[in-house]
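K.L.:
Line by line, the protein sequences are chains U and X.
Here the working numbering is used: the first residue of the first sequence is 33, the next is one more, and so on.
Here the working numbering is used: the first residue of the second sequence is 30, the next is one more, and so on.
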Amino acid sequence: GQNIDQPTEMTATEGAIVQINCTYQTSGFNGLFWYQQHAGEAPTFLSYNVLDGLEEKGRFSSFLSRSKGYSYLLLKELQMKDSASYLCAVIVGNYQLIWGAGTKLIIKP
Amino acid sequence: DVKVTQSSRYLVKRTGEKVFLECVQDMDHENMFWYRQDPGLGLRLIYFSYDVKMKEKGDIPEGYSVSREKKERFSLILESASTNQTSMYLCASSFNSDGFNSPLHFGNGTRLTVT
């Protein structure tokens, strides 16, 4: 079967760094997405990883290890507006996208 | 910016009613999708379309149908609404780059309640 695991909820402090993990067990791998979803809003694209390593985009970075079936999203200099759910999704084959249940990130002052 | 517009933000329907959810995108994307999102579950694909008049079943197509008569519009139809179809419905679109490795752009969602 296809499975993606993410922590259900995490709490962090404004100004700090947080790492949100995503592990996957899928029948294939053609890339991994991270999306951000604020409560009541649409998911918005954050990053795409297909090769091993770190992709940096401002305060957000995403890491992939295909051999370990593992990715993480790193958020630096946390701001209150980063309070949201973060969704991990794996592309399996060409036309199948498997979604994790999402991690709700709570930022405290 | 890509815009994906869903016709209704909130809908309340009665059991047995036929329900239409409409979605329009303005970026000439080939792929369009309908998902439902429920607490504690990942996004679940209902149907997707990779071209006009083309459709493919997703993971949970039972009780739903779709229509894509024009490239920019993808409609989701609940033939006879039931209470277990109460959910958030999300429409999305993307370029067709020989697969799903082009990011999806989502609409704001329609929260459907079936009573």
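Don't be surprised by glycine CBs; every beta carbon is placed ideally from N, CA and C.
Since we're looking at a predicted model, the values are computed, not measured.
(1) Taking the alpha-carbon of X/THR112 as reference, which of X/ASN60, X/PHE49, X/LYS82, X/GLY45 has the nearest alpha-carbon?
(2) In or out: X/ASP67 buried (at least 16 other Cβ within 10 Å) or exposed?
(3) Taking all protein chains shown into account, decide if U/VAL82 is buried (16 or more other Cβ within 10 angstroms of its Cβ) or exposed.
(4) Please tell me whether X/ASN60 and X/ASN130 are closer than 8 Å, where the distance is taken between their beta carbons.
(5) Any Cβ of chain U within less than 8 Å of the Cβ of X/PRO90?
(6) Quick check: the region 49-56 of chain X against the region 97-105 of chain X, are there 3 or more CB pairs under 8 Å?
(7) Give the list of continuous beta strand (DSSP E) stretches no shorter than 3 residues that lie fully inside the region 64-119 of chain X.
(8) Going straight from the alpha carbon of X/VAL81 to that of X/LEU105, what length do you get?
(9) Three-state secondary structure (DSSP) at X/LYS47?
(10) Using Cβ-Cβ distances below 7 Å, what residues of the region 67-81 of chain U are close to chain X?
(11) Spell out whether any CB of chain X is found under 8 Å from the CB atom of U/ALA133.
(12) Can you tell which of U/TYR127, U/TYR102, U/PHE77, U/LEU110 has its C-alpha closest to the C-alpha of U/GLN57?
(13) Taking the alpha carbon of U/ALA116 as the point to measure from, which residue in U/THR76, U/LYS136, U/THR45 has its own alpha carbon closest?
(14) Would you call X/TYR93 buried or exposed, if buried means 16 or more other Cβ atoms sit within 10 Å of its Cβ?
(15) Give a yes or no on contact between the region 34-53 of chain X and the region 69-81 of chain X, applying the rule of three or more CB pairs nearer than 8 Å.
(16) Determine, using beta-carbon pairs with one atom in the region 84-94 of chain U and one in the region 35-44 of chain U, whether at least three such pairs fall under 8 Å.
(17) From U/ILE123 to U/HIS70, what does the alpha carbon distance come to, in whole angstroms?
(18) Could you compute how far the alpha carbon of X/LEU40 sits from the alpha carbon of X/GLU91?
(19) Excluding the 5 residues preceding and the 5 following X/LYS84 in the sequence, name in chain order all residues of the same chain whose CB lies nearer than 6 Å to its CB.
(20) Please report the distance separating the alpha-carbon of U/GLU73 from that of X/LYS32.
P.N.:
The answer reads as follows:
(1) When each option's Cα is compared against that of X/THR112, the closest is X/GLY45.
(2) Exposed.
(3) With fewer than 16 other CB atoms across the displayed protein chains lying within 10 angstroms of its CB, U/VAL82 is exposed.
(4) Not closer than 8 Å, so no.
(5) Not an interface residue.
(6) Yes, the region 49-56 of chain X is in contact with the region 97-105 of chain X.
(7) Within the region 64-119 of chain X, the complete beta strand (DSSP E) runs of at least 3 residues fall at 73-78, 93-99, 102-107.
(8) Whole-angstrom Cα-Cα distance: 14 Å.
(9) The three-state secondary structure of X/LYS47, taken from DSSP, is coil.
(10) From the region 67-81 of chain U, only GLU73, ALA74, PRO75, PHE77, TYR80 have a Cβ closer than 7 Å to chain X.
(11) Using a CB distance cut-off of 8 Å, U/ALA133 counts as an interface residue toward chain X.
(12) Ranking U/TYR127, U/TYR102, U/PHE77, U/LEU110 by Cα distance to U/GLN57 puts U/TYR102 first.
(13) Of the candidates U/THR76, U/LYS136, U/THR45, the one whose C-alpha sits nearest the C-alpha of U/ALA116 is U/LYS136.
(14) Buried, by the Cβ-count rule.
(15) Short answer: they don't touch.
(16) Not touching, per the Cβ criterion.
(17) U/ILE123 and U/HIS70 have their alpha carbons spaced roughly 23 Å apart.
(18) When rounded, the distance between both Cα atoms is 20 Å.
(19) Take X/LYS84, set aside five residues on each side of it, and the residues of its chain with a beta-carbon closer than 6 Å to its own are TYR76, SER78, VAL95, in chain order.
(20) It is roughly 14 Å from the alpha-carbon of U/GLU73 to the alpha-carbon of X/LYS32.
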